[in-house]
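Engineer:
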Amino acid sequence: MLLGVVLISYSSITVLFRWNMFPRQTGRISYFWKGVLSCLPAFRGYVLHEVSSGTETLLWKDSWFAGRAPMFIWPEEFKRASEPNGTVCEMGYLLNQASFSGEEDSRYYRARLTDFDGAAGDRKRWRLKSFYTFLIDGGVHYPIARFFWRKPCPKKVSLFNWLAEKNKILTMDVLARRSYNRLPTTTCVLCNSALESPDHLFLHCLVARKVWGYFVHLLHLPDPPGSMQEIWRGWRTSIRANFREIGGLVAKAIVWNIRLVRNDCIFNANYLSTHALVLKIDRILISWLSSVVEGSREMMEDPIAMFRQSTEALGISGVVYGGDPLAGVDQDLLSD
1 MLLGVVLISY SSITVLFRWN MFPRQTGRIS YFWKGVLSCL PAFRGYVLHE
51 VSSGTETLLW KDSWFAGRAP MFIWPEEFKR ASEPNGTVCE MGYLLNQASF
101 SGEEDSRYYR ARLTDFDGAA GDRKRWRLKS FYTFLIDGGV HYPIARFFWR
151 KPCPKKVSLF NWLAEKNKIL TMDVLARRSY NRLPTTTCVL CNSALESPDH
201 LFLHCLVARK VWGYFVHLLH LPDPPGSMQE IWRGWRTSIR ANFREIGGLV
251 AKAIVWNIRL VRNDCIFNAN YLSTHALVLK IDRILISWLS SVVEGSREMM
301 EDPIAMFRQS TEALGISGVV YGGDPLAGVD QDLLSD
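The sequence shown runs 1 to 336 under UniProt numbering.
1) Can the beta-carbon of L195 be found less than 8 Å from the beta-carbon of T187?
2) Tell me whether the beta-carbon of T87 lies closer than 8 Å to the beta-carbon of G121.
3) So is A253 buried or exposed if we call it buried at 16+ other beta carbons inside 10 Å?
4) Nearest-angstrom Cα distance between V189 and I284?
5) Determine whether the beta carbon atoms of A145 and V255 lie at a separation below 8 Å.
6) Closer than 6 Å by C-beta to A313: which residues in its own chain qualify, once you throw out the five before and the five after it? Chain order, please.
7) Run the CB neighbour count on G248, radius 10 Å, all protein chains shown included, and call it buried at 16 or more, exposed below.
8) Can you give me the start and stop residues for the beta strand (DSSP E) that L48 sits inside?
9) Quick one: Cα of D199 to Cα of S227, how far?
10) According to DSSP, simplified to helix, strand and coil, what is K124?
11) Start and end of the alpha helix (DSSP H) containing C265?
12) Around the C-beta of R44, are 16 or more other C-beta atoms found within 10 angstroms, so that it is buried, or is it exposed?
13) Could you pull out every residue in the same chain whose Cβ sits closer than 6 Å to the Cβ of G322, ignoring the five residues on either side in sequence?
14) I need the boundaries of the alpha helix (DSSP H) containing H204, first residue and last residue.
15) Spatial neighbours of V292 within its chain, please: CB distance less than 7 Å, with the 5 preceding and 5 following residues excluded, ordered by chain position.
16) Does the Cβ-Cβ distance between T311 and L279 come in under 8 Å?
17) Which residue from W212, V47, R123, W232 puts its Cα closest to that of C68?
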């Protein structure tokens with residue numbers, strides 16, 4: 001009996017260890033305790049576990065592996081797990097399987113799990129700062145949120161990129177599924193070669209590939225990612241540290257302007273050339289970086305200079321070659 005409100009039955013001490021903030025309720029539960037218990041799975045993400053015996057820590061759901069819960073590191077393996085609530089002591093052998101060897105921390109934790117201290121209990125700890133963060137965001141914390149909303153990018157641009165990353169924008173494939181598409185086709189209007197989806201429109205479309213290729217070459221960035229989710233995870237983290245913020249701004253500017261060009265093509269029958277699109281992105285990035293406060297302005301001088309040189313080169317090519325979208329621009333920068 002929990003405070004006379006929640007009835008919890010334990011068949012053994014092992015079940016008590018497995019409860020671990022995932023209680024099994026029987027009988028009536030008050031509205032208050034139902035709300036409290038609904039927060040426990042989210043709150044457990046802020047509780048760090050130090051494994052000694054492994055009998056009190058859930059292998060998949062507790063944050064014991066380099067400060068993270070393995071269910072978020074290996075989501076596909078977790079879906080196939082036969083014992084999602086198994087303890088580290090019971091299920092630790094899984095770390096010896098090949099599918100878990102990709103993480104650099106796996107070897108360290110495999111070595112530790114071979115020397116369990118059965119007498120010592122697992123420790124749980126949390127910091128006041130992490131608990132305060134939990135109270136602020138309700139425990140629903142998105143990994144990219146800590147850097148995604150930083151200035152100087154306008155909020156509306158960041159918001160659209162946020163929705164695109166979560167596949168929550170109305171591309172042709174979504175409109176067709178909802179029977180809202182008023183066009184005779186769901187094909188991408190920029191390349192006319194494939195179904196328009198977020199990944200296709202912003203990454204795989206011929207126009208998108210040329211734009212990404214230009215800025216990847218200009219700024220020596222990693223190759224474009226394969227999906228919208230990868231932009232803010234693997235792709236951004238692979239950028240050198242002193243250029244990571246610039247890379248994020250470039251990604252936001254590309255996605256935002258491709259969206260504007262796509263809408264202008266659909267609603268106004270206007271098609272902006274790739275040359276003009278790259279030039280527009282250059283100018284927007286210069287505008288964003290120039291608005292940075294004085295204390296950080298020095299860090300932005302080199303990127304601003306690079307974008308200005310790009311703008312001048314693209315402007316000259318447009319005049320000399322009579323407005324040809326790609327003439328005068330190194331074809332390697334715009335290659336497919």
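Ideal placement from N, C-alpha and C gives every residue a C-beta, glycine not left out. Computed from a prediction, not measured in an experiment: that's the story for all the values here.
Structural biologist: Reading off the structure:
1) yes
2) no
3) buried
4) 24 Å
5) No, Cβ-Cβ distance for A145 and V255 is not below 8 Å.
6) none
7) buried
8) 48 to 50
9) 5 Å
10) Taken through DSSP and simplified to helix, strand or coil, K124 comes out as strand.
11) Note, C265: alpha helix (DSSP H), 244 to 268.
12) buried
13) Low local confidence applies: a pLDDT of 41 at G322 is under 50, so the model's placement there is unreliable, with the coordinate-based value given in what follows. Excluding positions up to five away in sequence, the list is empty.
14) Segment: none, H204 is in no alpha helix (DSSP H) and carries neither H nor E.
15) P152, M300
16) yes
17) Reading off the sequence, residue 68 comes out as Arg, not Cys. Per the Cα distances, V47.
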